[in-house]
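Here is the structure we will look at, set down as structure tokens.
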Amino acid sequence: MHLLKHLCLTTICALGLATPTACLAAGGPTSVTVVVSALASTSATVKLYFYNVREKFLAKGGYAFMRVVKPSGQRQVSLPVELPAGEWAVAITQDTNNNDKLDKNFMGIPTEPFAFSNNVRPRLAPPDFNDCKFTVDGPGKVVSIILTK
């Protein structure tokens, strides 16, 4: 029962449905700031997909949660999130034509800006979770990512 309660609280905190103070008091998530720079547009929506399960990385709907940010005239966005301790990876897209999807060419390669945590630059295939992962093990972590144009 205790494990189930902990899992439910962790999920509620990760989704941002509980206050950061409540999450920390319960031994839950800590504050992490994701900074995305070199945005292609100062007005187009930026989507951040957070993954914490290796087998679900980049799978359709496999992310733990997603956040949408508007740059508000800036070439950089900063997003504070509460993440449970463990291994995480972030995939980011910028919807420059505002059609609410990541456009790709006939070979399946994105034609809109994208990025991954650790600034992994895929060559011929999507990156692996292990290449993109970072460890959350305490408060104050900053993950800096440069958008690929």
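Going by mature numbering (1 follows the signal peptide of the UniProt record, and there is no 0), the letters in the sequence shown line up with residues -25 to -1, 1 to 124, in that order.
Just so you know, even glycine gets a beta-carbon here, dropped at the ideal spot from N, CA and C.
As the structure is a computational prediction, the values presented were derived from the model and not from experiment.
Original post:
How long is the line joining the alpha carbons of Glu62 and Val95, rounded to whole angstroms?
Top reply: 16 Å
**OP:** Ignore the nearest five residues each way along the sequence and tell me which others in Lys116's own chain have a CB closer than 7 Å to its CB.
**Re:** Val7
**OP:** Give the straight-line distance between the Cα atoms of Ser53 and Leu14, rounded to the nearest whole angstrom.
**Re:** 12 Å
**OP:** Out of Pro59, Asp70 and Thr5, state which residue places its alpha-carbon closest to the alpha-carbon of Ser16.
**Re:** Asp70
Subject >> Whole-angstrom distance between Ser12 and Val44, CA atom to CA atom >> reply: 13 Å
**OP:** Give me the Cα-Cα distance between Ser18 and Pro46, rounded to the nearest whole angstrom.
**Re:** 6 Å
Subject >> Among Thr5, Val65 and Leu23, nearest to Arg29 - alpha-carbon criterion >> reply: Val65
**OP:** Put Ser119 into one of helix, strand or coil per three-state DSSP.
**Re:** strand
**OP:** Measure the C-alpha to C-alpha separation of Asp75 and Gly3 and round it to an integer number of angstroms.
**Re:** 32 Å
Original post:
Across which residues does DSSP place Ser18 in a beta bridge pair?
Top reply: Ser18 pairs with nothing; no bridge assigned.
**OP:** State the DSSP-derived secondary structure class of Ser6, mapped to helix, strand or coil.
**Re:** strand
**OP:** Quick one: using the 10 Å Cβ neighbour count with 16 as the cut-off for buried, is Lys108 buried or exposed?
**Re:** buried
Original post:
Since Ala60 sits in a beta bridge, which residues does DSSP pair it with?
Top reply: BP columns for Ala60 are empty, so no partner.
**OP:** Within the same chain, show all residues whose beta-carbon is closer than 7 Å to that of Gly113, passing over the 5 residues directly before and after it, in chain order.
**Re:** Thr5
Original post:
By DSSP, does Arg98 sit in helix, in strand, or in coil?
Top reply: coil
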